[in-house]
Structure formats: C-alpha cells, structure tokens
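Just so we're aligned, residue 0 is where the sequence shown starts under numbering that gives the first Met the number 0, counting upward by one.
Only one structure is covered here, and it is reproduced in the block below.
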Amino acid sequence: MRSLYPAPLRPGDTIGLVTPSSPLMPGAIEAGVQFLEKNGFKVKLGNHIYDSDRFLAGSDIDRTKDLMDFFTDSTVKAIIATRGGQGSQRLLPLLDYDVIRSHPKILVGFSDTTALQLGLLKKTKLATYTGFTLTVQPNTLIEQTLMACLSGKSYRITEGIGVCPGIAKGPIVGGNLTLLTTLMGTPFQPEFEGSILLIEDINIEPYNLDRMFSQLDLAGIFNQVAGIIIGQFENSPGKDSNSLEGTVDDVINEWISHFKVPCIKDFPYGHGAKRCVLPIGKEVILDAGKNTLSI
C-alpha cells in the first residue's frame, strides 16, 4: 500500500473543526479548543459544526460540505473531528475523492470517524490519525502522540501485552471494530494485505465481539494481515464479570490462540482514560516480543 501523506503542521497553522457524526452538546469542545490553542494552533469552525438532526449533526449534505470546504480552504492545514457517535459512513458516497486526493490534509478523528478515515484510505490512500477528537480529555500520552503526528515526528509506544511474539512491518489499518465491520463488503472496505490490524470498541457484549471476529475470519482478513494490535474494550464485560456468557477477555484470548502473526493486546488505544493517537495508513513496526510499536 502506497499511502498519501499530508504535510505536517507548523506553529500558527489553522485547524478546521468538523462534526461528521453525532451532534455536539453546548460547551463540549471548549477545553479541546483551548488545548489546540495552547499548543500554538489557530482554530476555524465549520459552518454546520453545531447543527442537529436527531442523532446526526445536521444533514448529510451539510456535514459533507463542511469537510470538503476545509479540504479546499488554503488557510486550513488540518481537520479534526469534534466527536464520534454515529453517521460518518453516510458521508462516504457524497465526498469528492479527486478533490481530496489533490488537496491532502491531516485528518484526525476517533471512534465513529473510523468509517470516514478508512473510506478515505480506500479511495484516496490518504493517511489519517485516530485516537483524538475535541471532546476527548487530553492526557500526557494523548498530547505527546497527537503532537508527534501533527508535526510529522517519529515516536514509540511500549505498552500492552505481547501474546504472539514476532516482528511485523506494515501500515496500520483499522480503528473502531464496529465501524470496520460495517464497511466489509462495501466499496469502502480497506485493503488489509500486509497491514497491521488495529481494533478497539466500547459497550460490546462477548457474543457480539465473537460475531465481529468471526466476520473478519470468514472474510479472510486474519490471513491477510501482517500483525494485530488489540486495544481497549471499555464498558464491556471484562475480567471481573461473573456473567455465564463469559467476558470479552475470554473471546479475545480464544481468537488469539488461532492467530499466526505477531499480536499485542491491552494496547492503550481506545475509549479508556489512557490512550494514544496512531496513524491509519502509515507504515509502522510492531515488535510483539518487546510490546513495542514504532511509528
């Protein structure tokens, strides 16, 4: 996979804010805007950033227009989604991929934005960044990894538990597991061959997680990837659950026993308090023996 890499940011650059999924609550992004300004960036709001239509942040057309306007706005050097929720996949048929390919810019999002980011990767090869939105509470790991991504610097994370030792090299493909499986069988399904599969989710029952793992397996994805990073599964029945249906850890451990590529679990990526920002579509090195991811 040959990815399209946008230019890194410089101090004083302007970041455009869009809401491609669910609507914002009043005051939800004030801290996030202050965080960006503290780090030396200017902020420009999309015209429809506060729109609301049921569970969506306005109409599909208006949300798409905000995104396309920022891709063609020469004063805006990067775009960040304000929040996740539901709805970014509805924009995929409406985007002008030729224009985006001609105006590559940094795009940062998380959770529901996975569908948008993977669709862009498929249609334009644009590398994007996952793990942060304006409603995410910044911590040291988020700030360090986000600023490294925005500035184009290399970084390394040594966390998680290596369960299938070995070294894998390839572009990260993935994000939120529910959104990833939503794209399976569509024109926006990303290419997995030789990639490092990244997955996380929230509010997932064990049977649902097993269903999604099964879908990836039946689609041959686990045989195509070079490595696997399993992040956090927040607010899901975990190690301390007494449910007779088992836990997400049970499901993960069962599937891990079938994997034949380097794999690390409990990686600090997801909806947990400790999380990092990672590139989608950019080549990384996963050393599952040393619990290290080098970007």
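Each residue gets a CB set at the ideal place from its N, CA and C atoms; glycine is no exception.
| Query | Result |
| --- | --- |
| For G169, tell me which candidate among I228, F34, N234 and M146 has the shortest Cα-Cα distance. | I228 |
| Going by alpha carbons, who is nearest to S194 out of L125, G245 and V172? | V172 |
| Candidates H257, F109 and I156: which alpha carbon is nearest L176's? | F109 |
| Could you compute how far the alpha carbon of Y154 sits from the alpha carbon of S293? | 6 Å |
| Assuming D216 is part of the beta strand (DSSP E), what are its boundary residues? | Run containing D216: none in the beta strand (DSSP E); it sits in the alpha helix (DSSP H), P205 to L217. |
| What residue range does the beta strand (DSSP E) around T291 cover? | T291 to S293 |
| Give me the Cβ distance between S150 and Q85, rounded to the nearest whole Å; I'm assuming they're in contact under 8 Å. | Not quite, the Cβ-Cβ distance comes to about 31 Å (not below 8 Å), so this is no contact. |
| V260 and C163 look like a contact to me (Cβ under 8 Å); what is the Cβ gap, rounded to whole Å? | 7 Å |
| Taking 8 Å as the cut-off, does the stretch 81 to 97 touch the stretch 11 to 29 (at least 3 CB pairs, one atom from each stretch)? | yes |
| Assign I48 to one of three DSSP states: helix, strand, or coil. | coil |
| So, for W254: in the same chain, excluding its five sequence neighbours on each side, which residues have a beta-carbon less than 6 Å away from its beta-carbon? | F212 |
| With DSSP as the reference, please indicate the residues paired to D286 in a beta bridge. | I166 and T291 |
| Could you check how far apart the C-beta atoms of T134 and A272 are, in whole angstroms? I think they sit under 8 Å. | About 14 Å; that fails the 8 Å criterion. |
| For T74, tell me which candidate among Y49, G159 and L44 has the shortest Cα-Cα distance. | L44 |
| Relative to the C-alpha of V17, which candidate in Y4, A56 and P267 has its C-alpha closest? | A56 |
| In the structure shown, what three-state DSSP assignment does G31 receive? | helix |
| Would you call the stretch 135 to 143 and the stretch 282 to 291 touching, i.e. three or more CB-CB distances under 8 Å? | no |
| Give the DSSP-derived three-state secondary structure of D224 in the structure shown. | Note on identity: in this sequence residue 224 is Val, with Asp being the wrong assignment. Coil at V224, not helix or strand. |
| On a CA-only basis, which of L217, V250, F70 and A77 is nearest M146? Give me that one, please. | A77 |
| Is T180 buried or exposed, if buried means 16 or more other CB atoms sit within 10 Å of its CB? | buried |
| Within the same chain, show all residues whose beta-carbon is closer than 6 Å to that of I201, passing over the 5 residues directly before and after it, in chain order. | E233, N234 and H270 |
| Taking the Cβ atom as the reference point for each residue, do I99 and F69 lie within a distance shorter than 7 Å? | no |
| Give the DSSP-derived three-state secondary structure of V250 in the structure shown. | helix |
| Could you check if Y206 is buried or exposed, using at least 16 other CB atoms within 10 Å of its CB as the buried criterion? | exposed |
| Determine the direct distance from the alpha carbon of I251 to that of H257, and round the result to whole angstroms. | 10 Å |
| Which ranges would you report for the alpha helix (DSSP H) in the stretch 69 to 109 if only whole runs of at least 4 residues count? | 96 to 101 |
| In the DSSP assignment, what residue or residues form a beta bridge with D314? | Because the chain here runs from 0 to 294, residue 314 falls outside it and cannot be looked at. |
| Have a look at P236, E244, E190 and L182 and flag the residue whose alpha-carbon is nearest the alpha-carbon of Q214. | L182 |
| Helix, strand or coil for L125 per DSSP? | strand |
| Need the endpoints of the alpha helix (DSSP H) that C148 sits in, please. | T139 to S150 |
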